[in-house]
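Worksheet: the structure to be examined is printed underneath.
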Ligand SMILES: NC(=O)c1ccc[n+]([C@@H]2O[C@H](COP(=O)([O-])OP(=O)(O)OC[C@H]3O[C@@H](n4cnc5c(N)ncnc54)[C@H](OP(=O)(O)O)[C@@H]3O)[C@@H](O)[C@H]2O)c1
């Protein structure tokens, strides 16, 4: 029996900025498995190629740096028509309010807000009927944490962008946002292993589900956001219950 996900995605062009690692890569795997033609993008072409080589199905690579506006324009024009755009790419800056360098704060807004804004805008002319755009925020938008106030604010900005675009692009594209909780991805590869595992264990134990998330669990929500024709302007909290924990 054909599932609604296969019906929605088979032979569709799914473009994933951030598709070389983490939740973007897991989304690429699921979408390709459902018969989509997938393009994965980020800055590092070698990483993209390694990711594409590890995925069964029709996956191609198209490097882009979201902070290079002219580069994004040329990249978008070369994609051809697009059915579903997913932007999971970002980089985060941590630091207390008084300590976080202004340059780091600006770079984070560039990577997680302005870059996705420009990228979605430049892909807009190439979207097919029935298109969707899926952005990424994070649980800190509504569950702030000391040392991550700036990151919480940029996540909140992405959620506001989602809701505004869902209205402004009505009839052209559905726009949704995934808000993950803590998910074990390459984003934490730079941490010493012992500290990383301790953080995962501590946060996991505090959650209703008892553990941190896996990239493929978030990817399932992205597939739903792409496939469900009645879903727009939504922020999907896929966070193991982080927002409702004590
Ligand atoms: N992991 C978590 O616990 C967590 C929690 C809450 C929210 N989130 C959010 O969920 C999303 C996905 O997270 P993840 O952990 O799956 O991410 P990830 O594995 O760290 O992947 C992010 C990707 O973004 C790409 N990237 C960064 N800057 C870019 C730029 N300027 N242009 C193009 N690509 C760029 C990087 O690849 P290159 O280096 O090749 O460019 C990287 O592959 C992000 O928005 C993140 O903030 C994550």
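Numbering (our numbering), first residue to last: 15 to 260.
All C-beta atoms, glycine included, are put in the ideal place defined by N, C-alpha and C.
Note to self: Buried or exposed for residue 74, going by 16 or more other Cβ atoms inside 10 Å?
What the structure shows: exposed
Check: What are the complete alpha helix (DSSP H) segments, minimum 4 residues, inside the stretch 135-188?
Finding: 163-182
Next item on the list: Using 7 Å as the cut-off, classify the Cβ of residue 157 as near or not near the heavy atoms of ligand 1, replying yes or no.
Entry: no
Next item on the list: Confirm the yes/no value for this check: CB of residue 34, any heavy atom of ligand 1, distance under 7 Å.
Entry: yes
Notebook entry, point to check: How would you write the range of the alpha helix (DSSP H) that residue 220 sits in, first residue to last?
Noted result: 207-220
Check: residue 125: buried (16+ other C-beta within 10 angstroms of its C-beta) or exposed?
Finding: buried
Margin query: Short of 6 Å in beta carbon distance, which residues of its chain neighbour residue 104, apart from the five on each side in sequence? Order them along the chain.
Written below: 125, 126
Note to self: Just to confirm the assignment: which complete beta strand (DSSP E) runs, minimum length 3, are found wholly within the stretch 70-131?
What the structure shows: 73-75, 96-101
Check: Would you say the beta carbon of residue 122 comes nearer than 7 Å to a heavy atom of ligand 3?
Finding: What this structure holds is ligand 1, not ligand 3.
Notebook entry, point to check: Below 8 Å between beta carbons: does that hold for residue 162 and residue 175?
Noted result: no
Notebook entry, point to check: For ligand 1, any of its heavy atoms closer than 7 Å to the Cβ of residue 162?
Noted result: no
Check: Heavy atom of ligand 1 less than 7 Å from the Cβ of residue 80, yes or no?
Finding: yes
Notebook entry, point to check: Quick one: is the Cβ of residue 41 within less than 7 Å of any heavy atom of ligand 1?
Noted result: no
Next item on the list: Decide if residue 169 is buried, meaning its Cβ has at least 16 other Cβ atoms within 10 Å, or exposed.
Entry: buried
Notebook entry, point to check: Looking only at C-alpha atoms, which of 250, 29, 243, 134 sits nearest to residue 188?
Noted result: 243
Next item on the list: Could you spell out where the beta strand (DSSP E) holding residue 251 opens and where it closes?
Entry: 249-252
Checklist line | Which listed residue (35, 147, 91) has its alpha carbon closest to that of residue 186 | finding: 147
Check: From 112, 23, 134, pick the residue whose C-alpha is nearest to that of residue 86; which is it?
Finding: 134
Item checked: residue 109 to residue 194 span [Cα, whole Å] -> 20 Å
Check: Going by the beta-carbon positions, is the gap between residue 260 and residue 40 smaller than 8 Å?
Finding: no
Notebook entry, point to check: Mind checking residue 15: buried by the 16 CB within 10 Å criterion, or exposed?
Noted result: exposed
Check: Thinking just about the alpha-carbon of each residue, which of 123, 44, 245 is nearest to the one in residue 164?
Finding: 123
Next item on the list: Name the residue from 203, 111, 89, 56 whose alpha carbon lies nearest to the alpha carbon of residue 136.
Entry: 89
Next item on the list: Verify the contact flag: residue 63, CB atom, against every heavy atom of ligand 1, threshold strictly below 7 Å.
Entry: no
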